[in-house]
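Protein chains in written order, with this note's numbering: chain A, 339 to 646; chain B, 16 to 386.
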Amino acid sequence: MDFLQQILNGLVLGSIYALIALGYTMVYGIMGLINFAHGEVTMIGAMVTITVLGVLANAGVDLPGAVMVLLALMVAIPVCMLLGFTIERVAYRPLRNAPRLAPLITAIGLSIVLQNLAILIWGRNYIPFPPLLPHDSVNIFGASITVLQVVIIFLAIAIMVGLLLMVEKTKLGRAMRATSQNPAVAGLMGVNVNTVISMTFVIGAGLGAIAGVMVAANYDQAHSHMGFLIGLKAFTAAVLGGIGNLGGAVVGGILLGVIESLGAGYIGDLTGGFLGSHYQDIFAFMVLILVLVFRPSGLLGERVAERA
Amino acid sequence: MTQVNKVKQLAVFGLAAIGLACLPFIVGGTLGNSWVRTLDFALLYIMLALGLNIVVGFAGLLDLGFIAFYAVGAYTYALLNSPHFGIFLPWWTILPVGAFLAACAGIMLGTPVLKLRGDYLAIVTLGFGEIIRIFMNNLNAPINITNGPQGVNMIAPVEIAGVSLGKSIELFGTKINSVYLYYYLFLILCVLTVIVCSRLQHSRIGRAWVALREDDIAASAMGINIRNIKLLAFALGAVFGGIAGGLFASFQGFVSPESFGLLESIMVLAMVVLGGMGHIPGVILGAILLTITPELLRDVIGPVQMAVFGKMLIDPENARMLLFGLALILVMLLRPEGLWPNKRRAAEFHDALDEDLPAVDSQARQEGIKG
Numbered sequence: 339m340d341f342l343q344q345i346l347n348g349l350v351l352g353s354i355y356a357l358i359a360l361g362y363t364m365v366y367g368i369m370g371l372i373n374f375a376h377g378e379v380t381m382i383g384a385m386v387t388i389t390v391l392g393v394l395a396n397a398g399v400d401l402p403g404a405v406m407v408l409l410a411l412m413v414a415i416p417v418c419m420l421l422g423f424t425i426e427r428v429a430y431r432p433l434r435n436a437p438r439l440a441p442l443i444t445a446i447g448l449s450i451v452l453q454n455l456a457i458l459i460w461g462r463n464y465i466p467f468p469p470l471l472p473h474d475s476v477n478i479f480g481a482s483i484t485v486l487q488v489v490i491i492f493l494a495i496a497i498m499v500g501l502l503l504m505v506e507k508t509k510l511g512r513a514m515r516a517t518s519q520n521p522a523v524a525g526l527m528g529v530n531v532n533t534v535i536s537m538t539f540v541i542g543a544g545l546g547a548i549a550g551v552m553v554a555a556n557y558d559q560a561h562s563h564m565g566f567l568i569g570l571k572a573f574t575a576a577v578l579g580g581i582g583n584l585g586g587a588v589v590g591g592i593l594l595g596v597i598e599s600l601g602a603g604y605i606g607d608l609t610g611g612f613l614g615s616h617y618q619d620i621f622a623f624m625v626l627i628l629v630l631v632f633r634p635s636g637l638l639g640e641r642v643a644e645r646a
Numbered sequence: 016m017t018q019v020n021k022v023k024q025l026a027v028f029g030l031a032a033i034g035l036a037c038l039p040f041i042v043g044g045t046l047g048n049s050w051v052r053t054l055d056f057a058l059l060y061i062m063l064a065l066g067l068n069i070v071v072g073f074a075g076l077l078d079l080g081f082i083a084f085y086a087v088g089a090y091t092y093a094l095l096n097s098p099h100f101g102i103f104l105p106w107w108t109i110l111p112v113g114a115f116l117a118a119c120a121g122i123m124l125g126t127p128v129l130k131l132r133g134d135y136l137a138i139v140t141l142g143f144g145e146i147i148r149i150f151m152n153n154l155n156a157p158i159n160i161t162n163g164p165q166g167v168n169m170i171a172p173v174e175i176a177g178v179s180l181g182k183s184i185e186l187f188g189t190k191i192n193s194v195y196l197y198y199y200l201f202l203i204l205c206v207l208t209v210i211v212c213s214r215l216q217h218s219r220i221g222r223a224w225v226a227l228r229e230d231d232i233a234a235s236a237m238g239i240n241i242r243n244i245k246l247l248a249f250a251l252g253a254v255f256g257g258i259a260g261g262l263f264a265s266f267q268g269f270v271s272p273e274s275f276g277l278l279e280s281i282m283v284l285a286m287v288v289l290g291g292m293g294h295i296p297g298v299i300l301g302a303i304l305l306t307i308t309p310e311l312l313r314d315v316i317g318p319v320q321m322a323v324f325g326k327m328l329i330d331p332e333n334a335r336m337l338l339f340g341l342a343l344i345l346v347m348l349l350r351p352e353g354l355w356p357n358k359r360r361a362a363e364f365h366d367a368l369d370e371d372l373p374a375v376d377s378q379a380r381q382e383g384i385k386g
């Protein structure tokens, strides 16, 4: 049941991508800019969690593994939220009316700064994630999946549903949707646009922190360069689904995860051994390009009409 | 133009030429040969940035995978002039081949993305860049073409009239290091690039690009063939990238996929945006600053730390990138339109400010029109 195994792996990977992609897509939907520093926020979430776990272990706290991780997350999420808030304040707000590429460069600058700060604090090496979470595996029709991975998938789904409900049902969600349609008019209707944008960054960063911990726990390690690639993949996922569209980010993320793991598993057979599994990234990007060629605004993206 | 002005212009031109010709000896004499090497790289990056400027600055197409063309040029040179395949073609035949292949890659990239805009275009170009890099990294099996992550080494240097630029030569009794020789080669090609770019900018094609950048529908209504003009931008930009890549390979004597990562693409884009998009002097300034600053920081940070704290508190490499990132943010916050923007761009920018359009421009405006 190799096929099912790949699908399961892809689902795990995909739900993590989806969580990060939500952060990208929310910011994009509201401000129309790519928050390139988002991947680094994810990385910092993972690093802070591991540090807090280390501190807890040193202090002799002996609780069940899951509770420990939860405690650490309670620190990591606010740290990342604060980081997200600061990022918006420092690098994006002053440039809200600037040419489109200016915030892109500040975002890249921030990304470099955050990555090097992380190197400064945590060094350049891989940091192991403490073995606190259960790694027992469950068999589903011959494919194996660890309890941790099942938890990751369900947690991701729960968070996504929560987020969608928030955007659809709450006052803040309505304000967010209004701002994304037209910030000026939303402002006239009594929406505090600045607060809404800040909140968007804060929520996105919180999701990023959770996703970062999931990555670290799933691969048993984290390092200061992990943010870049995972951010890139998640952004790809967001575009694949149609950037600015929350449902699209989820679909894009999961699809990308599944495509990647299927691609890695079968590319060798498909090409008669000519291309090996290290071409998995190519697979993801090829699919992205093909999708965009036929649906230029992503799978679920609104077809933006040509200006008439 | 009056006679006086012409004389003045000639004088400035002559002084600049003498200054540029003496520059490596001044730098090399005071700071050492490694700085002449940095100058060489600055010239290479100017070529590269001017190439990207055609795509991003003139035509307004955001390209995050520009380094792919640099890679194509570099690998073409490496494979056709090294012991890897045992092929040694003269450099002046390879550079055009590299440029041509890069242009083909440009068209290959351009064709499927004709309909894409803005960030969708950015992500596809980014993916394209990564695809090229991954291929370079993995095309060592089953047939060894690129030698994988180890890269290709022992690439033959440029040879002009039997004189190899890879070794120092004796001239009038003084020894001239290879980096000086490459400096002059790069300088000549760089000046050529500047001339071609500025002629292009003011040509019919250049004006078509500006029209495309400002409003593609209006441009199309004016009879501009959007498809061809976009492809031309990609192809011509790639040509400069390809040539710079070939020169890089010969200068370095070694290429590996590591030199062509996304960070490099972003660096070149930062040069264009930081300097002032679409403005040739601005882009040159951006390229020089972004090449020199990291090197300068490398030389300064270590000694400063030793002097102030008496020991290395922060790994210099780390501190250097940290300061570099901060500098990028700071410059963009203070001068969002770039350090040295052209008048037209600055005016467009300030127009937009005066009308007080929200930042979420395109989307919001479309919604507005629809409603």
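Note that CB positions come from ideal geometry on N, CA and C, so glycine has one too.
Of the residues the options, the one placed nearest residue i, counting alpha carbons only
{"i": "H561 (chain A)", "options": "A:G591, A:G383 and A:N477", "result": "A:G383"}
{"i": "L545 (chain A)", "options": "A:M412, A:Q344, A:V390 and A:A395", "result": "A:M412"}
{"i": "A375 (chain A)", "options": "B:M169, B:M62, B:I344 and B:G290", "result": "B:I344"}
{"i": "L357 (chain A)", "options": "A:A576, A:L628 and A:G480", "result": "A:A576"}
{"i": "L129 (chain B)", "options": "A:I627, A:L638 and A:L637", "result": "A:I627"}
{"i": "I388 (chain A)", "options": "A:Y464, A:M369, A:L503 and A:A481", "result": "A:Y464"}
{"i": "S475 (chain A)", "options": "A:F467, A:L486 and A:P468", "result": "A:L486"}
{"i": "D230 (chain B)", "options": "B:R132, B:V42 and B:G88", "result": "B:R132"}
{"i": "E426 (chain A)", "options": "B:L35, B:K190, B:L348 and B:P356", "result": "B:L348"}
{"i": "V551 (chain A)", "options": "A:L502, A:L439, A:H616 and A:V489", "result": "A:V489"}
{"i": "G125 (chain B)", "options": "B:G261, B:F81 and B:T45", "result": "B:F81"}
{"i": "A74 (chain B)", "options": "B:I258, B:A176 and B:Q216", "result": "B:Q216"}
{"i": "T306 (chain B)", "options": "B:L202, B:V19, B:I61 and B:K23", "result": "B:I61"}
{"i": "S49 (chain B)", "options": "B:S193, B:L110, B:P98 and B:I158", "result": "B:S193"}
{"i": "A137 (chain B)", "options": "B:I184, B:P127, B:L79 and B:V112", "result": "B:L79"}
{"i": "G297 (chain B)", "options": "B:A250, B:A361 and B:M237", "result": "B:A361"}
{"i": "A622 (chain A)", "options": "A:M406, A:F573, A:V393 and A:I372", "result": "A:F573"}
Beta-carbon spacing of residue i, residue j below 7 Å
{"i": "G595 (chain A)", "j": "G361 (chain A)", "result": "no"}
{"i": "A456 (chain A)", "j": "T444 (chain A)", "result": "no"}
{"i": "L116 (chain B)", "j": "T91 (chain B)", "result": "yes"}
{"i": "G601 (chain A)", "j": "L638 (chain A)", "result": "no"}
{"i": "G301 (chain B)", "j": "M286 (chain B)", "result": "yes"}
{"i": "G422 (chain A)", "j": "V540 (chain A)", "result": "yes"}
{"i": "L433 (chain A)", "j": "P351 (chain B)", "result": "yes"}
{"i": "A171 (chain B)", "j": "F103 (chain B)", "result": "yes"}
{"i": "N152 (chain B)", "j": "P272 (chain B)", "result": "yes"}
{"i": "I210 (chain B)", "j": "A223 (chain B)", "result": "no"}
{"i": "V390 (chain A)", "j": "A410 (chain A)", "result": "yes"}
{"i": "G142 (chain B)", "j": "A83 (chain B)", "result": "no"}
{"i": "Y387 (chain B)", "j": "P39 (chain B)", "result": "An answer regarding residue 387 (chain B) cannot be provided, because it is not within the stretch 16 to 386 covered by chain B."}
First through last residue of the beta strand (DSSP E) which encompasses residue i
{"i": "K190 (chain B)", "result": "T189 to I191"}
{"i": "E185 (chain B)", "result": "I184 to L186"}
{"i": "V647 (chain A)", "result": "Past the edges of chain A, shown from 339 to 646, lies residue 647 (chain A), and the structure says nothing about it."}
Per DSSP, cross-strand counterpart(s) of residue i
{"i": "Q559 (chain A)", "result": "A:P466"}
{"i": "S179 (chain B)", "result": "B:E174"}
{"i": "N168 (chain B)", "result": "B:F269"}
{"i": "F103 (chain B)", "result": "B:N96"}
Host alpha helix (DSSP H) of residue i (start-end)
{"i": "S482 (chain A)", "result": "First-last for S482 (chain A): A481 to T484, but that is the beta strand (DSSP E), not the alpha helix (DSSP H)."}
{"i": "L35 (chain B)", "result": "Q18 to L46"}
{"i": "L351 (chain A)", "result": "D340 to M369"}
{"i": "L396 (chain A)", "result": "The amino acid at residue 396 (chain A) is misidentified as Leu; the sequence shows Asn. Element bounds for N396 (chain A): H376 to N396."}
{"i": "V283 (chain B)", "result": "L277 to G290"}
{"i": "I625 (chain A)", "result": "Per the sequence shown, residue 625 (chain A) should be read as Val rather than Ile. Unbroken alpha helix (DSSP H) run through V625 (chain A): Q618 to F632."}
{"i": "Y92 (chain B)", "result": "I82 to L95"}
{"i": "Q267 (chain B)", "result": "I241 to Q267"}
{"i": "D607 (chain A)", "result": "L584 to L608"}
{"i": "K130 (chain B)", "result": "Run containing K130 (chain B): none; DSSP gives neither H nor E here."}
{"i": "V335 (chain B)", "result": "The sequence shown places Arg at residue 335 (chain B), not Val. Per DSSP, R335 (chain B) belongs to the alpha helix (DSSP H) from P331 to L349."}
{"i": "N454 (chain A)", "result": "L439 to W460"}
Residue i CB to nearest heavy atom of the ligand SAH below 6 Å
{"i": "L458 (chain A)", "result": "No copy of the ligand SAH appears in this structure; indeed no ligand is present at all."}
Tell me which residues of the segment 322-341 of chain B have at least one Cβ-Cβ distance to chain A shorter than 7 Å, keeping chain order. Per Cβ criterion, the list reads I329, N333, M336, L337, F339, G340 and L341.
For the segment 113-140 of chain B, which residues have a CB atom closer than 7 Å to at least one CB atom of chain A, in sequence order? Of all residues in the segment 113-140 of chain B, P127, K130, L131, D134, Y135, I138 and V139 have a Cβ within less than 7 Å of some Cβ in chain A.
Residues within the segment 284-296 of chain B neighbouring chain A, beta-carbon criterion of under 9 Å: Flagged, chain order: L284, A285, V287, V288, L289 and M292.
Would you list, in chain order, the members of the segment 412-439 of chain A that have their beta-carbon closer than 7 Å to a beta-carbon of chain B? For the segment 412-439 of chain A, residues whose beta-carbon sits nearer than 7 Å to a beta-carbon of chain B comprise A429, P432, L433, R434, N435, A436, P437 and L439.
Can you pull out the residues from the segment 143-159 of chain B whose beta carbon lies closer than 7 Å to at least one beta carbon of chain A? Answer set for the segment 143-159 of chain B: E145, I146, I149, N153 and P157.
Would you list, in chain order, the members of the segment 591-611 of chain A that have their beta-carbon closer than 7 Å to a beta-carbon of chain B? Per Cβ criterion, the list is empty.
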